[in-house]
Amino acid sequence: MLERRHRKNATEVTFVLPEGTPPGPVSVVGTFNGWQPGAHVLEPRDDGTRAVTVALPTKGTHTFRYLAAGDYWFNDEGADGHDGQNCRLST
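Numbering-wise, the sequence shown is residues 10 to 100 according to this note's numbering.
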């Protein structure tokens, strides 16, 4: 799930997943972090989910995927669309 908060010069996008699904650490990787695993790791929240917030430039399009333990790549059903195997996100 994606949560968006528009700011003056950026859009804060929070990437949210249920805690423990999939098990182990999960990071969001994409064009905004050079596809670097571990750059944005989802952390537990009080409501039982885990999340990470990334500030992205407004009026842009970004691609991303999640990477879980065991080299397990997966997509977000709440993405704006897909670019091949990757999710697409517009800010």
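Cβ coordinates follow ideal geometry from the N, Cα and C atoms, glycine included.
Contact under 8 Å by Cβ, residue i with residue j
| i | j | result |
| --- | --- | --- |
| residue 111 | residue 28 | Shown here, the chain extends from 10 to 100; a query on residue 111 therefore has no answer. |
| residue 19 | residue 53 | no |
| residue 72 | residue 40 | yes |
| residue 98 | residue 88 | yes |
| residue 35 | residue 63 | no |
| residue 38 | residue 51 | no |
Residue i versus residue j - alpha carbon distance
| i | j | result |
| --- | --- | --- |
| residue 81 | residue 49 | 16 Å |
| residue 84 | residue 10 | 10 Å |
| residue 57 | residue 12 | 16 Å |
Segment limits, beta strand (DSSP E) that includes residue i
| i | result |
| --- | --- |
| residue 73 | 70 to 77 |
Three-state class that DSSP yields for residue i in the structure shown
| i | result |
| --- | --- |
| residue 84 | coil |
| residue 18 | coil |
| residue 30 | coil |
Beta-ladder partner(s) of residue i, from DSSP
| i | result |
| --- | --- |
| residue 55 | None, per the DSSP bridge assignment. |
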